[in-house]
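Q: Sharing a structure here in structure tokens format.
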């Protein structure tokens, strides 16, 4: 006979349970959708809540908020209706910030107040993808370890050097829950459900969703990105060395020595699997890092260049324009123009 506090949750209801109101559910999850949010992230957050309600109890409801109470459009162009404007309804228990591109573009004083209200009442603040930038700029991640999308990590580290970054897919640190978004949001929400209702429910949910939970510490690094399975080990090792040395670039002969390949052979492999020489790939990685920093943070053009190993501003601007078709300053201004 199982313990009453940890039921088995073996048999879901055969019918589709109704969408619950906050008054009917044990827990209401509040989600703030920022313009251009990831639809995949939203689905991964909501579906576990819906399926959990099939196990015979009124467990979860959810409310969707936008900046102004009007429908909000995701990055895929689909528009989603919401329940209210953030700041119009008191929120104390939890608030999930679901953001992607231009994280802080439309954040107003009332939104900052809503975030701080949740924190002041000891509620849970969660941030998906670039939502961590919003919490950090509000001073609500001080003293917490932060996980976010690997693409945004360089800009975040540059703007918030005092905050601890985690390599995990998501990080549950006391009353803060942060993650890289996308498909990893499914496991992030499972962790939230486990905290509310225990591991047995999550095991039942995993069976129902035909999903195997991953360890949150499985990194979304070079080994897990698209196409990496088709690159030889020496190319993967060389790229890892390059990415670890963007601010102070190594020479290609130094990288070849560490990898154990001749420069001619390494260039041949890079041309075959990356379509460019090892030197060209290194330059691409550095320019991509600079662009991420300029687009996602408030760092100056000079600082972004230095973070990517460019010590001469004129040279940096010239090769940046050649790669991206615009100046570094234009990239930076576009990211801040509506902040």
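Numbering (UniProt numbering), first residue to last: 1 to 339.
Ideal Cβ positions, reconstructed from N, Cα and C, are used throughout, including at glycine.
1) Quick check: the Cα distance between residue 92 and residue 120, rounded to an integer number of angstroms?
2) When you compare only the Cα positions, how much space is there between residue 329 and residue 210?
3) Could you compute how far the alpha carbon of residue 109 sits from the alpha carbon of residue 97?
4) On the three-state DSSP scale, how would you describe residue 220?
5) Quick one: is residue 292 buried, meaning 16 or more other Cβ sit within 10 Å of its Cβ, or exposed?
6) Locate the beta strand (DSSP E) running through residue 326, then write down its first and last residues.
7) Is it buried or exposed for residue 333, if we count other Cβ within 10 angstroms and need 16 for buried?
8) Are residue 123 and residue 175 touching if we call contact CB-CB under 8 Å?
9) With a 10 Å radius around its C-beta and 16 neighbouring C-beta atoms as the bar for buried, classify residue 30 as buried or exposed.
10) Residue 258 by DSSP, collapsed to three states: which one?
11) Taking Cβ to Cβ, would you say residue 424 is nearer than 8 Å to residue 185?
12) Could you pull out every residue in the same chain whose Cβ sits closer than 6 Å to the Cβ of residue 221, ignoring the five residues on either side in sequence?
13) Counting only runs that start and end within the segment 12-77, where is the beta strand (DSSP E) found for 3 or more residues in a row?
14) Taking C-alpha atoms, which residue in 113, 246, 63, 254 lies nearest to residue 283?
15) Go ahead and label residue 305 buried or exposed: buried means 16 or more other beta carbons lie within 10 angstroms of its beta carbon, across all protein chains shown.
16) Within 10 angstroms of its Cβ, does residue 232 collect 16 or more other Cβ (buried), or is it exposed?
17) Going by alpha carbons, who is nearest to residue 308 out of 315, 319, 248?
18) Output the residue ranges of the alpha helix (DSSP H) runs that lie fully inside the segment 242-317 and measure 4 residues or longer, sorted by chain position.
19) What's the call for residue 147, buried or exposed, on a 16-neighbour Cβ count within 10 Å?
20) Please state if the CB of residue 253 and the CB of residue 261 are separated by a distance shorter than 8 Å.
21) In this structure, what does DSSP give as the bridge partners for residue 210?
A: Well, looking at it:
1) Rounded to whole angstroms, residue 92 to residue 120 spans 8 Å at the Cα level.
2) For residue 329 and residue 210, the gap between their C-alpha atoms comes out near 47 Å.
3) Residue 109 and residue 97 have their alpha carbons spaced roughly 15 Å apart.
4) Residue placement at residue 220 is poorly supported in this model, since its pLDDT is 44, which falls under 50; the coordinates still yield a value, given next. In the displayed model, residue 220 falls within coil according to three-state DSSP, outside both helix and strand.
5) With 16 or more other Cβ atoms from the protein chains shown falling within 10 Å of its own Cβ, residue 292 counts as buried.
6) No beta strand (DSSP E) contains residue 326, which DSSP labels as neither H nor E.
7) Exposed, since its Cβ has fewer than 16 Cβ neighbours within 10 Å.
8) Yes, the pair counts as a contact, with Cβ atoms nearer than the cut-off.
9) Residue 30 comes out buried.
10) In the structure shown, residue 258 adopts helical secondary structure according to DSSP, grouped into three states.
11) Outside the displayed span of the chain (1 to 339) sits residue 424, for which this structure offers no information.
12) Its pLDDT being 40, under 50, residue 221 is placed unreliably in this model, and the coordinates cannot settle the point.
13) Counting whole runs of 3 or more residues, the segment 12-77 contains the beta strand (DSSP E) stretches 27-33, 60-66.
14) Per the C-alpha coordinates, the member of 113, 246, 63, 254 positioned closest to residue 283 is 246.
15) By the neighbour-count definition (other C-beta atoms within 10 Å, threshold 16), residue 305 is a buried residue.
16) Here residue 232 is exposed, its C-beta having fewer than 16 other C-beta atoms within 10 Å.
17) Taking the Cα of residue 308 as reference, the smallest distance to any Cα among 315, 319, 248 is reached at 248.
18) At a cut-off of 4 residues, the continuous stretches assigned as alpha helix (DSSP H) that sit fully inside the segment 242-317 are 252-259, 263-274, 278-296, 301-307.
19) By the Cβ-count criterion, residue 147 is buried, with 16 or more other Cβ atoms from all chains shown falling within 10 Å of its own Cβ.
20) Against a cut-off of 8 Å, the Cβ pair of residue 253 and residue 261 comes out as no contact.
21) Answer is none; residue 210 lacks a bridge partner.
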